[in-house]
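A.B. asks: Below are the C-alpha cells for one structure; questions will follow.
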Amino acid sequence: MSKRQRDSLFAEVERHQQQQQQQQRLQASQAEPESVPAYRPSKEPRGRPTHLIQPLVPTFPYTLDQELNCSSEVHPYQGSATGEAQAAALTYRSSQRGGESSSFSTLKGFDPRRSTPEAILSIPGNEMGLRAFDTEGLFCPYPTSTHIEELCASIFRSHRETNQYRVEELQALRWKIFSREEVHAYQNKSMDEMWQHCAVRLTDAVQYVVEFAKRIPGFRQLGQNDQIALLKSGSMEVVLVRMSRIFNTENSTVFFDGKFAGTELFKSLACGDFIASVFDFAHSLCALRLTEQQVALFSALVLINADRPCLEDRDRVLRVRKDVELALSHILHRDNQESLLHKLYQKVALLKNLCTLHIEKLRWFRQYYPLTVHSLFPPLYKELFVSDTDIHTMVTL
Ligand code: C3S
1 MSKRQRDSLF AEVERHQQQQ QQQQRLQASQ AEPESVPAYR PSKEPRGRPT HLIQPLVPTF
61 PYTLDQELNC SSEVHPYQGS ATGEAQAAAL TYRSSQRGGE SSSFSTLKGF DPRRSTPEAI
121 LSIPGNEMGL RAFDTEGLFC PYPTSTHIEE LCASIFRSHR ETNQYRVEEL QALRWKIFSR
181 EEVHAYQNKS MDEMWQHCAV RLTDAVQYVV EFAKRIPGFR QLGQNDQIAL LKSGSMEVVL
241 VRMSRIFNTE NSTVFFDGKF AGTELFKSLA CGDFIASVFD FAHSLCALRL TEQQVALFSA
301 LVLINADRPC LEDRDRVLRV RKDVELALSH ILHRDNQESL LHKLYQKVAL LKNLCTLHIE
361 KLRWFRQYYP LTVHSLFPPL YKELFVSDTD IHTMVTL
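According to UniProt numbering, the sequence shown is numbered sequentially starting from 1.
Written out as C-alpha cells, the structure is:
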C-alpha cells in the first residue's frame, strides 16, 4: 500500500469513528428513523395500499463490526401511514446486533446476513393486493395474441406500479432546478460522502427495479439463483433506462434529490466521464420518444436476458425472454413504430458498456475508500455490484 493510500485509509478510519459517535448520539435521541418528505403526495384514498411509493430513509449498519453481525431485512412496500399518504413504502430495517440471520440463506458465496436481494425476492410480487397475473397460462408453446396482449398489459402495469415518479408529475416540476449554492454544496461534499449519497439513492432506485422484476410474468417462476443473476447484471441497466423518463433534454438535467440536476452536481464523485456517458445515454434514449408502455417492455427485455453470466437454467430464461420479445414487437407493430426495435437493440450494447464502467469506477473508488464501501454502502448495492471475490477481500481486509 502506498503512503498516499495509507494516509487516506487512516483519514477514513478517523472519519468513521466520528460518524460512529454521531450515529450513537443520534440513536440515543431517536429510536426510529423518520421518513423523508414525500416527493409525491398521494391522491389515492386513505387506508388502501397504493402503488404510490415513498422512499423512507434507509438505515444501514454503520460500523464494520455491526455490519458483519447484524441481519438486514428488506421490507419493500411496507405500508406507511405517515402524512396524508397511506403509501406503500420501501425501507431497510437493520435489526439489532447479533440478531437472527435472515432465513434466506441459499445464496452461495455470501453471508446470508448480507444477502438482501434474497430477502427482497422472498416477498410476494403482489404484496399490494393487486390482481395476480396468471403466469401459468402464459407460457404455452404457441402464445395467442390475447396472451401477448395480456402480457403487455401486465408488464405495463408492473412498470407503472413500481416507479417512484410519474412522468406527468415531473413535467410540472421541470422548473425546479438546483440553485448555484445548492450545486456548490454538492460539489463541496467529500468524494466518499458523495459516493455514499449516490449509492444510497441508486440503491433505492434498484429496489423499485427488483419489485418490477418480480412482477414480470415468469420471473418468479425462475430459480432463485437465476433471478439473482438477472438482477445482478440487469438492475443497473434498468435504472439507466428509467432515468430517461425523468430526464429533461432541454437543459440536460435529471430529477435527483427532489430537483433537477445537471452533470456538474456530481463533480465530487470524480468520475466525470462516467456521469457524462450516463447523461449522453439518457439523451439518446429520450430521442426515441418512447411511450411509457414501450419503456416498460424495453425494461423487461433488458432484465430477461438469457445471455447473462451464471444462469443455471438458460432455456427457461430464454422461454420467458421470447414472450417478452413478442410483446415488445407486438406493441411496436400496433404503434406503427417497428423501426424502433432495431434502435432499442442498439441501446442494449450501450447499457452494457455503461454498467461495466460503473463497476470499474466502483472498484477504483473502493481502492481509496474500502471502509466506506464496506461499512457505509447499502448492503444491496454491495451485493449487486461488488463481485464475490471482491466481497471476500473486503471481509478479510
Ligand atoms: C457510481 C455511482 C454511485 C454514482 C452514480 C451517479 C448517478 C448516475 C446516479 C446517482 C443516478 C442514476 C443519477 C441515480 C443517483 C438516480 C437515483 C437514478 C439515475 C434515477 C434518476 C433515480 C430515480 C434515482 C433513475 C430513475 C429512478 O426513478 S424510478 O425509481 O421511478 O425508476
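We treat Cβ as the ideally placed atom computed from N, Cα and C, and that holds for glycine.
(1) Ordered along the chain, which non-local residues of its own chain (more than five positions away) have a Cβ less than 6 angstroms from that of K43?
(2) In or out: H333 buried (at least 16 other Cβ within 10 Å) or exposed?
(3) CA-CA distance, L152 and V386?
(4) Rounded to whole angstroms, what's the CA-CA distance from R131 to E161? Just pull it up for me.
(5) Tell me which residues share the same chain as H51 and place their Cβ nearer than 6 angstroms to its Cβ, disregarding the 5 neighbours each side in the sequence.
(6) Indicate, with yes or no, if ligand 1 has a heavy atom lying under 7 angstroms from the CB of K382.
(7) Please work out which residues of its chain come closer than 8 angstroms, Cβ to Cβ, to D313, disregarding the five sequence neighbours upstream and downstream, and give them in chain order.
(8) C271 and K361 look like a contact to me (Cβ under 8 angstroms); what is the Cβ gap, rounded to whole Å?
(9) Nearest by alpha-carbon distance to C310: which of H184, K232, H330 is it?
(10) Examine ligand 1 and report whether any of its heavy atoms sits within less than 7 angstroms of the Cβ of Y165.
(11) Within a Cβ cutoff of 6 angstroms, which residues of the same chain sit near M191, ignoring the five residues on either side of it in sequence?
(12) Please go through the same chain and pick out, in chain order, the residues whose beta-carbon is closer than 7 angstroms to the beta-carbon of A199, but skip the five residues on each side of it.
(13) Which same chain residues end up closer than 7 angstroms to N248 when comparing Cβ atoms and leaving out the 5 residues on each side of it in sequence?
(14) So what does DSSP say about residue 412, is it helix, strand or coil?
(15) The beta strand (DSSP E) with T253 in it runs from where to where?
(16) Of all the CB atoms in chain D, is at least one closer than 8 angstroms to the CB of Q221?
(17) If you draw a straight line from the C-alpha of A306 to the C-alpha of L318, how long is it?
(18) From E150 to I246, what distance separates their C-alpha atoms?
(19) Can you say whether N251 is buried or exposed, counting buried as having 16 or more other CB atoms within 10 angstroms of its CB?
(20) Between G258 and D280, what straight-line distance do the alpha-carbon atoms span, to the nearest angstrom?
(21) Let me check understanding here. Comparing Cα to Cα, which of H342, V239, I331, P370 lies closest to T291?
(22) Taking the alpha-carbon positions, what's the L328 to H159 distance?
(23) Would you mind working out which of N353, E325, T263 sits nearest H342, comparing C-alpha positions?
(24) Just to confirm my understanding: we take E237, look at its own chain, exclude 5 residues before and 5 after, and list those with CB closer than 7 angstroms. What are they?
(25) Considering only DSSP beta bridges, list what K259 is partnered with.
(26) Check the DSSP bridge columns for N225 and list the partner residues they point to.
(27) Taking the alpha-carbon positions, what's the Q196 to N188 distance?
(28) Under DSSP, the alpha helix (DSSP H) around V320 begins and ends at which residues?
(29) Quick check on N163: buried or exposed, where buried means 16 or more other Cβ atoms within 10 Å of its Cβ?
(30) Compute the Euclidean distance between the alpha carbons of R321 and I304, then round it to the nearest angstrom.
(31) Does residue 398 pass the burial test, meaning 16 or more other C-beta atoms within 10 Å, or should it be called exposed?
(32) Around the C-beta of Y369, are 16 or more other C-beta atoms found within 10 angstroms, so that it is buried, or is it exposed?
(33) Would you say the beta carbon of W195 is closer than 7 angstroms to some non-hydrogen atom of ligand 1?
(34) Look at R308 and A213 and say whether their C-beta atoms are less than 8 angstroms apart.
(35) Identify every residue that forms a DSSP beta bridge with N163.
C.D. replies: So, to answer that:
(1) The residue you call residue 43 lines up with position 43 of the sequence shown. Note that K43 scores a pLDDT of 30, beneath 50, so its modelled location is shaky; the value from the coordinates is reported in the next line. Same-chain partners within the cutoff: there are none.
(2) Within the sequence shown, the letter at position 333 stands for residue 333. Result: exposed.
(3) Residue mapping note: residue 152 aligns to position 152 of the sequence shown, counting from 1. Residue mapping note: residue 386 aligns to position 386 of the sequence shown, counting from 1. Before going further, note that residue 152 is Cys rather than Leu in the sequence given. One C-alpha to the other measures close to 33 angstroms.
(4) Indexing the sequence shown from 1 puts residue 131 at position 131. Indexing the sequence shown from 1 puts residue 161 at position 161. The predicted model places R131 with a pLDDT of 32, which falls under 50 and marks its position as unreliable; any figure quoted below should be read in that light. The straight-line gap from Cα to Cα measures roughly 12 angstroms.
(5) Position 51 of the sequence shown, counting from 1, holds the residue named residue 51. Residue placement at H51 is poorly supported in this model, since its pLDDT is 24, which falls under 50; the coordinates still yield a value, given next. E161, listed in sequence order.
(6) Taking the sequence shown and counting its residues from 1, one reaches residue 382 at position 382. Because no heavy atom of ligand 1 lies under 7 angstroms away, the Cβ of K382 does not count as near it: no.
(7) As a first step, residue 313 must be located in the sequence shown, where it is residue number 313. Here the set comprises L222, G223, D226.
(8) Numbered from its first residue, the sequence shown carries residue 271 at position 271. Numbered from its first residue, the sequence shown carries residue 361 at position 361. Between K361 and C271 the Cβ distance is about 5 angstroms, and since that is below 8 angstroms, they are a contact.
(9) By one-based count along the sequence shown, residue 310 stands at place 310. If we check each option's Cα against that of C310, K232 comes out closest.
(10) Residue mapping note: residue 165 aligns to position 165 of the sequence shown, counting from 1. It does: the Cβ of Y165 is within 7 angstroms (strictly closer) of some heavy atom of ligand 1.
(11) Translated into the one-based positions of the sequence shown, residue 191 becomes position 191. Once the five neighbours on either side are set aside, the close Cβ partners of M191 are S268, A270.
(12) Sequence index remark: in the sequence shown, residue 199 carries index 199 (1-based). F377, P378, Y381, listed in sequence order.
(13) As a position in the sequence shown, residue 248 is number 248, starting the count at 1. Excluding positions up to five away in sequence, the list reads R174, F260.
(14) There is simply no residue 412 to check, as the chain begins at 1 and stops at 397 in what is shown.
(15) Numbered from 1 along the sequence shown, position 253 holds the residue referred to as residue 253. Where T253 is concerned, the enclosing beta strand (DSSP E) stretches over 253 to 256.
(16) No chain D is part of this structure, which consists of one protein chain only.
(17) Here residue 306 is taken as the residue at index 306 of the sequence shown, counted from 1. Here residue 318 is taken as the residue at index 318 of the sequence shown, counted from 1. Going by the C-alpha atoms only, they are around 5 angstroms apart.
(18) For the purposes of this step, residue 150 is taken as the residue at position 150 of the sequence shown. For the purposes of this step, residue 246 is taken as the residue at position 246 of the sequence shown. When rounded, the distance between both Cα atoms is 27 angstroms.
(19) Counting from 1 along the sequence shown, the entry for residue 251 is found at position 251. The residue in question, N251, is exposed, as its Cβ has fewer than 16 Cβ neighbours within 10 Å.
(20) For this step, residue 258 is matched to residue 258 along the sequence shown. For this step, residue 280 is matched to residue 280 along the sequence shown. Going from the Cα of G258 to the Cα of D280 covers about 21 angstroms.
(21) The count along the sequence shown starts at 1 and reaches residue 291 at position 291. The shortest C-alpha separation from T291 is found at I331.
(22) By 1-based counting over the sequence shown, the position of residue 328 is 328. By 1-based counting over the sequence shown, the position of residue 159 is 159. Each residue's Cα considered, the two are about 14 angstroms apart.
(23) Taking the first residue of the sequence shown as position 1, residue 342 is located at position 342. Residue E325 is the option with its Cα nearest to H342.
(24) Numbered from its first residue, the sequence shown carries residue 237 at position 237. Excluding sequence neighbours, E237 sits near V302, L351, C355.
(25) If you number the sequence shown from 1, residue 259 lands on position 259. In DSSP, K259 forms a bridge with F256.
(26) Your numbering for residue 225 matches position 225 in the sequence shown. DSSP, once it has assigned bridges, lists no residue as partnering N225.
(27) If you number the sequence shown from 1, residue 196 lands on position 196. If you number the sequence shown from 1, residue 188 lands on position 188. Their backbone Cα atoms lie some 14 angstroms apart in a straight line.
(28) For the purposes of this step, residue 320 is identified with residue 320 of the sequence shown, where counting begins at 1. V320 -> alpha helix (DSSP H) spans 314 to 334.
(29) Here residue 163 refers to the residue found at position 163 when the sequence shown is read from its first residue. When all chains shown are included, N163 counts as buried.
(30) Here residue 321 is taken as the residue at index 321 of the sequence shown, counted from 1. Here residue 304 is taken as the residue at index 304 of the sequence shown, counted from 1. Each residue's alpha carbon lies about 6 angstroms from the other.
(31) Here the chain comprises residues numbered 1 to 397, so residue 398 is not present and cannot be evaluated.
(32) On the sequence shown, residue 369 is found 369 positions in, with the first residue counted as 1. That one is buried.
(33) Against the sequence shown, residue 195 aligns to sequence position 195. Yes, the Cβ of W195 comes within 7 angstroms of a heavy atom of ligand 1.
(34) Within the sequence shown, residue 308 is the residue found at index 308, counting from 1. Within the sequence shown, residue 213 is the residue found at index 213, counting from 1. Against a cut-off of 8 angstroms, the Cβ pair of A213 and R308 comes out as no contact.
(35) Counting from one through the sequence shown, the residue named residue 163 turns up at place 163. For N163, which the question treats as bridged, DSSP gives no partner whatsoever.
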